[in-house]
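A.B. asks: A single structure is presented below for examination.
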Amino acid sequence: MTDELKVSIDRRGTEGAVLYTRGYINNVGGEEIATCAYKLMDDGVTRLLLNLRETKIVNSIGISILIEIIEKMIDKGGQLGFCNLTPVIEKTFQIMGLAQYAKIYVDEKVAIEQMPMP
Amino acid sequence: MTDELKVSIDRRGTEGAVLYTRGYINNVGGEEIATCAYKLMDDGVTRLLLNLRETKIVNSIGISILIEIIEKMIDKGGQLGFCNLTPVIEKTFQIMGLAQYAKIYVDEKVAIEQMPMP
Amino acid sequence: MRDTAEKELELTLPMVPDIEIAAARAAGNLARQYGMGAEKIDEMAHAIIEACINAREHAYCADKRIYLRFIAGISPDGRLRIDIWISDHGKGFDAEARKRPRSTGSPQRRGWGLQIIEAHMDEVDIASSGEGTIVHMVKFGD
Amino acid sequence: MRDTAEKELELTLPMVPDIEIAAARAAGNLARQYGMGAEKIDEMAHAIIEACINAREHAYCADKRIYLRFIAGISPDGRLRIDIWISDHGKGFDAEARKRPRSTGSPQRRGWGLQIIEAHMDEVDIASSGEGTIVHMVKFGD
Ligand SMILES: Nc1ncnc2c1ncn2[C@@H]1O[C@H](COP(=O)(O)OP(=O)(O)O)[C@@H](O)[C@H]1O
Ligand SMILES: Nc1ncnc2c1ncn2[C@@H]1O[C@H](COP(=O)(O)OP(=O)(O)O)[C@@H](O)[C@H]1O
Chain A
1 MTDELKVSID
11 RRGTEGAVLY
21 TRGYINNVGG
31 EEIATCAYKL
41 MDDGVTRLLL
51 NLRETKIVNS
61 IGISILIEII
71 EKMIDKGGQL
81 GFCNLTPVIE
91 KTFQIMGLAQ
101 YAKIYVDEKV
111 AIEQMPMP
Chain B
1001 MTDELKVSID
1011 RRGTEGAVLY
1021 TRGYINNVGG
1031 EEIATCAYKL
1041 MDDGVTRLLL
1051 NLRETKIVNS
1061 IGISILIEII
1071 EKMIDKGGQL
1081 GFCNLTPVIE
1091 KTFQIMGLAQ
1101 YAKIYVDEKV
1111 AIEQMPMP
Chain C
2001 MRDTAEKELE
2011 LTLPMVPDIE
2021 IAAARAAGNL
2031 ARQYGMGAEK
2041 IDEMAHAIIE
2051 ACINAREHAY
2061 CADKRIYLRF
2071 IAGISPDGRL
2081 RIDIWISDHG
2091 KGFDAEARKR
2101 PRSTGSPQRR
2111 GWGLQIIEAH
2121 MDEVDIASSG
2131 EGTIVHMVKF
2141 GD
Chain D
3001 MRDTAEKELE
3011 LTLPMVPDIE
3021 IAAARAAGNL
3031 ARQYGMGAEK
3041 IDEMAHAIIE
3051 ACINAREHAY
3061 CADKRIYLRF
3071 IAGISPDGRL
3081 RIDIWISDHG
3091 KGFDAEARKR
3101 PRSTGSPQRR
3111 GWGLQIIEAH
3121 MDEVDIASSG
3131 EGTIVHMVKF
3141 GD
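First to last, the protein sequences are chains A, B, C and D.
Counting along the first sequence from 1, when you hit position 108 you're at 108 in the working numbering, and nothing is skipped either side.
If you want the working numbering, it's the 1-based position in the second sequence plus 1000.
If you want the working numbering, it's the 1-based position in the third sequence plus 2000.
If you want the working numbering, it's the 1-based position in the fourth sequence plus 3000.
Given below as structure tokens:
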């Protein structure tokens, strides 16, 4: 049953980063993503891409934490995007309105093209 | 319920390494430790310390994989030790006979003193 | 369909962290046996997860258990039909009032669980009282 | 002791990966409520884990479920007593033959589960037949 979230980070340019997730985005997983994201933002990251390619399950508490991250990033004048969502996760994001605040890209290649990382 | 194993590695000297575990050592966790341990052994590590300070739960399948690692290390003429076991994990190791093949130390300080890493 | 032993599945789960994953996996295994497609199984899994989390987070029940029942059957039009009941013996809530649809993407952070359940399942009805809550939901195959 | 609702706990768990952790947590929560010490709870958890894994790995049962029952009570000498039954409807095995004690640390890799259960619990008895297996075990508090 274990599917604990693991996060890895890839800095791109001076203001960009891709954050890869693996596993279940529940409250604990959401908090882990938030901790990493806020650290990156403190380090000057203004373009953050969350690549969820190895995440197959989310819950609404985890997603609510992602909304907090998006809000903080917008407050700072930055941009946050998502890519490699499963169809069900993308549907969940639509329901919860994430698509209004953050861009959703098919894959990392498209994301980097549309959200250049200086 | 998620308590998936996470491993981190600290190389010490030219032939030593400490492998830290966090989470449940079941079949999957045991295999993850084995993958890391065999990689280290291929890299020339002959003194390997498994520090289980953040592992509170094990099962007999996971431990049976640790026995395989110990056997491979002995075949190579190296030494494998454990430290920071909970009382119940230490008892389980005694039952399964690991204490015959591998040394069990109270903590990392004692382990490094008694199993110097060249 | 297989023999009756496989058609029905009842579980009583403890309210421990991430138990919703066990519930979703068990239902997924059942649905897969009967040939439900991966994406529908995944939608069902996400609905089950939200319902179990609601029971754990909101029910405040003394017995600290979640009761699940899954039945796989064939609907009159020949499609696979999975019925799911997720129940708790908790304090209940006003399910009718909660049902008022909210506009998608209004800025609340929490409070999306029931809408996610509705969106991922084909039928949902909730019976709730001071004795507890029963969420009954249905997912059809192709 | 608390009210009866808390004294007894019955669970029916699906045979999915790591479900043994849910079983151990549920028993641990019950034992903690009644004041059992952390180390005894931990021993009990490890025994429950092995018994659940045996059911999942060896039972080959059609219903793919593990049945658990925990009862917390007070023994005649005044100590807390937790009774645990872990059952499956699988193929069973010759529990008597398996009971022959093996020397600690003989070189087999697998085959330690039952000995771990015996070592961590105060009483263990196993009833097994072609209908399934019931592992009954007892842990006493101080
Ligand atoms: N099983 C339940 N028992 C008691 N109250 C519930 C239950 N399920 C839902 N509720 C109530 O309905 C509200 C809305 O639930 P939901 O849409 O899942 O959002 P959230 O869980 O984020 O609050 C909850 O806040 C709670 O008050
Ligand atoms: N619930 C069960 N159903 C069927 N067989 C079982 C069960 N529990 C144990 N056994 C049998 O007893 C043997 C010994 O079990 P155990 O000591 O736990 O070691 P292991 O699981 O590593 O083989 C198993 O290999 C299996 O043949």
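Ideal Cβ positions, reconstructed from N, Cα and C, are used throughout, including at glycine.
Predicted model only: the values in this text are computed from it and were never measured.
At a threshold of 6 Å, does residue 3090/D count as lining ligand 2 (C-beta to nearest heavy atom)?
C.D. replies: Start at 1 with the first residue of the fourth sequence, and residue 3090/D comes out as number 90. Within the cutoff, so yes.
A.B. asks: Quick check on residue 54/A: buried or exposed, where buried means 16 or more other Cβ atoms within 10 Å of its Cβ?
C.D. replies: For the purposes of this step, residue 54/A is taken as the residue at position 54 of the first sequence. Exposed, since its Cβ has fewer than 16 Cβ neighbours within 10 Å.
A.B. asks: Grab me the residues of residue 3067/D's own chain with a C-beta within less than 6 Å of its C-beta, minus the 5 sequence neighbours each way, in chain order.
C.D. replies: One-based indexing of the fourth sequence puts residue 3067/D at position 67. 3012, 3087.
A.B. asks: When you measure from the CB of residue 3120/D to every non-hydrogen atom of ligand 1, does any distance come out below 6 Å?
C.D. replies: Your numbering for residue 3120/D matches position 120 in the fourth sequence. Every heavy atom of ligand 1 is 6 Å or more from the Cβ of residue 3120/D, so no.
A.B. asks: For residue 68/A, would you say it is in contact with chain B, using Cβ-to-Cβ distances shorter than 7 Å as the test?
C.D. replies: Within the first sequence, residue 68/A is the residue found at index 68, counting from 1. Taking Cβ atoms only, chain B never reaches closer than 7 Å to residue 68/A, which makes this a no.
A.B. asks: Quick check: is the beta carbon of residue 1095/B nearer than 7 Å to any beta carbon in chain D?
C.D. replies: If you number the second sequence from 1, residue 1095/B lands on position 95. Answer yes: the Cβ-Cβ gap between residue 1095/B and chain D drops below 7 Å somewhere.
A.B. asks: Is residue 97/A near ligand 1, with its Cβ less than 6 Å from a heavy atom?
C.D. replies: On the first sequence, residue 97/A is found 97 positions in, with the first residue counted as 1. The answer is no for residue 97/A.
A.B. asks: Among the candidates 3048/D, 3129/D, 3142/D, 3112/D, whose CA atom is the shortest distance from the CA of residue 3136/D?
C.D. replies: As a working mapping, residue 3136/D is identified with position 136 in the fourth sequence. Taking only the C-alpha atoms, the option nearest residue 3136/D is 3048/D.
A.B. asks: Rounded to whole angstroms, what's the CA-CA distance from residue 1085/B to residue 32/A? Just pull it up for me.
C.D. replies: Translated into the one-based positions of the second sequence, residue 1085/B becomes position 85. Translated into the one-based positions of the first sequence, residue 32/A becomes position 32. Cα to Cα, residue 1085/B sits roughly 27 Å from residue 32/A.
A.B. asks: Buried or exposed for residue 21/A, please, with buried defined as at least 16 other CB atoms from any protein chain shown within 10 angstroms of its CB.
C.D. replies: Looking up residue 21/A in the first sequence gives position 21. So residue 21/A ends up on the buried side.
A.B. asks: Check whether the region 2117-2134 of chain C and the region 2078-2097 of chain C touch, using three or more Cβ-Cβ pairs below 8 Å as the test.
C.D. replies: The region 2117-2134 of chain C vs the region 2078-2097 of chain C: in contact.
A.B. asks: Starting from residue 3139/D, follow its DSSP beta bridges and name the residues at the other end.
C.D. replies: The residue labelled residue 3139/D in the question sits at position 139 within the fourth sequence. According to DSSP, residue 3139/D bridges with 3082/D.
A.B. asks: Between which two residues does the beta strand (DSSP E) containing residue 3070/D stretch?
C.D. replies: Taking the first residue of the fourth sequence as 1, we reach residue 3070/D at position 70. Residues 3065-3074.
A.B. asks: Just to check, is the beta-carbon of residue 26/A closer than 6 Å to a non-hydrogen atom of ligand 1?
C.D. replies: The residue labelled residue 26/A in the question sits at position 26 within the first sequence. Checking every heavy atom of ligand 1 against the Cβ of residue 26/A, none is found closer than 6 Å.
A.B. asks: Kindly identify the DSSP beta-bridge partner or partners of residue 1081/B.
C.D. replies: Against the second sequence, residue 1081/B aligns to sequence position 81. Its beta-bridge partners are 1049/B, 1103/B.
A.B. asks: Comparing the C-beta of residue 3131/D with each C-beta of chain C, is any distance below 7 Å?
C.D. replies: Here the question's residue 3131/D lines up with position 131 in the fourth sequence. Chain C, which has no Cβ nearer than 7 Å to the Cβ of residue 3131/D, makes this no.
A.B. asks: Quick one: what's got a C-beta closer than 8 Å to residue 3004/D's C-beta in the same chain, skipping five residues either side?
C.D. replies: As a first step, residue 3004/D must be located in the fourth sequence, where it is residue number 4. With a pLDDT of 44 at residue 3004/D, under the threshold of 50, the modelled position of that residue is not reliable, and the figure given next carries that caveat. Closer than 8 Å at the Cβ level, and outside the excluded window around residue 3004/D, lies no residue.
A.B. asks: Going by the DSSP bridge assignment, what does residue 3129/D pair with across the sheet?
C.D. replies: As a working mapping, residue 3129/D is identified with position 129 in the fourth sequence. According to DSSP, which records beta bridges pairwise, residue 3129/D is partnered with 3132/D.
A.B. asks: Based on DSSP bridge pairs, tell me the residues matched to residue 16/A.
C.D. replies: For this step, residue 16/A is matched to residue 16 along the first sequence. Note: residue 16/A sits in a beta bridge opposite 12/A, 47/A.
A.B. asks: Which residue or residues does DSSP assign as beta-bridge partners of residue 3088/D?
C.D. replies: Mapped onto the fourth sequence, residue 3088/D falls at position 88. In DSSP, residue 3088/D forms a bridge with 3133/D.
A.B. asks: Any beta carbon of chain C sitting closer than 7 Å to that of residue 3005/D?
C.D. replies: As a position in the fourth sequence, residue 3005/D is number 5, starting the count at 1. For residue 3005/D, the predicted structure reports a pLDDT of 40, less than 50, and the residue's modelled location is therefore unreliable. A value from the coordinates is still provided. Yes - at least one Cβ of chain C is within 7 Å of the one on residue 3005/D.
A.B. asks: Just checking: is the beta-carbon of residue 957/B within a distance shorter than 7 Å of some beta-carbon in chain D?
C.D. replies: Nothing about residue 957/B can be reported from this structure: the residues present for chain B run from 1001 to 1118 only.
A.B. asks: Answer yes if the region 71-85 of chain A comes into contact with the region 29-43 of chain A, meaning at least three C-beta pairs across the two stretches below 8 Å, and no otherwise.
C.D. replies: Yes, since at least three Cβ pairs between the region 29-43 of chain A and the region 71-85 of chain A fall closer than 8 Å, the two stretches touch.
A.B. asks: Going by DSSP, which residues form a beta bridge with residue 25/A?
C.D. replies: Here residue 25/A refers to the residue found at position 25 of the first sequence. Residue 25/A is bridged to 58/A.
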